[in-house]
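Mapping to this note's numbering: the sequence shown position 217 is 210, numbers consecutive.
Inspection log for the structure reproduced underneath, given as structure tokens.
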Amino acid sequence: MSNIQANAAYHLRVLVRVALAMIILLGTGLLWDLPAAAKSRPASNPSSPRPTATADAAPIYSIQIATLSKKTNAESMFKTLTKLGYEAYLEPVPGADGEYRIKVGKYNDLSDVHPVMARLRKDGFPSVIAQHKEVAWPNTEVETASLPVSSATADGPASPAPLASGVEPALAPAEEKTNSAQKTVSSKDSAVGAGGHAVKKTQEEATAEAPAPVTEDYWASGGPKIFQVVGALAFVLTLIAGAYLLVKRLNPERLGKRSKERLMLALDSMTVGDKKSLMLVEVSGDKYLLASTPNDVCLLAKIESATPPWRSMAAPVEPAPASPDFATLLSLKKAELSRVGGVGAKMREQGKTIGL
């Protein structure tokens, strides 16, 4: 049995091809947008490059201890470090009035820095390494910084304060701020300095560290391209499902349930020659006589009645009624005469009539 009405499969193939074409177009658009996205990608943050030595001068390293908002607290920590035997430096922060930075030592090799940092941590001064490009001291330009900053009290080392996710390194002096670029690793949080005073940051540093906000224009322009692709794919699948349901509702015989009315049934077949045959088939209650060869199938006749063709060609013959036998007829007559008076006379008359 085979399905004659194969339009449903055709419609499904068309829908699948349209969906594939739309997906290909979306993918091509995504590939076209990749170069533009790469160009529009913000450059890497230049505030935190890796420590590298310059070609014309050896780098100089120092250890930054803290940045304090009051000079008295800074002087107290400076004196504490000096009493403990450290080579401490106290300098104002360029561009920030009333803030002071405390550093320890100047070193040409990192191998000399790590023992001092270990000692500082042991004394309760978590510190940060600052690398300077120029040989001159202290007129230097800061390149990188890492590690957290802590604080100390005027009487001695204090317990480590809450650490920030990133801290400013040492900067150039105020008289050199016009000739050097300030590059720092900053954080939204602030470390706590000596005496419980919070470490402040310049407005320029706070602006540089703040991430770019996600505005309405970002989402209005489409947002991430992957969201557009996923949304378009969901739209295509919804369109296919809607078209299928629409065709099934408006033309259910195309995509409806399979029934015998939509099938071709082979009732009988007969071979009439070499590779030739006759076949009687039924489709939707109608019967068709087909002739088939290896290369062709043709319709010979459509039979609308339910009578087979070999019976419809002969005229119907009604059978003749059967006549009763003589013994049955005689018994019926005797019973009829017995119910009427004068049975004997009538029997004789009847016998004479019939010749008995």
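We put the CB at the ideal spot given by N, CA and C, even for glycine.
Please read these numbers as outputs of a predicted model, since none were measured by experiment.
query                                                                                                                      : result
Measure the alpha-carbon distance for SER(-5) versus PHE220 and round it to whole angstroms.                               : In this predicted model, SER(-5) has a pLDDT of only 41, less than 50, meaning its place in the structure is not dependable enough to derive any value.
From the DSSP output, in three-state form, read off LEU258 for me.                                                         : strand
How is ALA89 classed by DSSP in three states: helix, strand or coil?                                                       : coil
So ALA81 and THR75 are supposed to be a Cβ contact under 8 Å. How far apart are they, rounded?                             : 5 Å
Distance, Cα to Cα, LYS268 vs ARG10?                                                                                       : 41 Å
Terminal residues of the continuous beta strand (DSSP E) containing ALA275?                                                : Correcting the residue identity first, residue 275 is Glu in this sequence and not Ala. 269 to 276 is the span of the beta strand (DSSP E), which, as asked, contains GLU275.
Nearest CA to the CA of ILE16: which residue from LEU232, LEU103, SER62 and MET70?                                         : LEU232
On the criterion of 16 or more Cβ atoms from any shown chain inside 10 Å, does SER270 qualify as buried, or is it exposed? : exposed
Closest by CA to TYR79, which one among PRO108, LYS64 and LEU103?                                                          : PRO108
Under a three-way DSSP split, which group does SER55 fall into?                                                            : strand
Taking the alpha helix (DSSP H) that SER104 falls in, what are its first and last residues?                                : 103 to 115
Would the beta-carbon of GLY117 fall within 8 Å of that of ILE56?                                                          : no
Let's see if you can read the secondary structure: which residues bound the beta strand (DSSP E) around TYR281?            : 279 to 285
Taking 8 Å as the cut-off, decide whether the C-beta atoms of SER62 and GLY88 are in contact.                              : no
Could you please give me the residues that DSSP links to LYS295 through a beta bridge?                                     : TYR281
Work out the CA separation of LYS96 and VAL106 for me, nearest whole Å.                                                    : 12 Å
Spell out the partners DSSP gives GLU84 in its beta bridges.                                                               : ARG94
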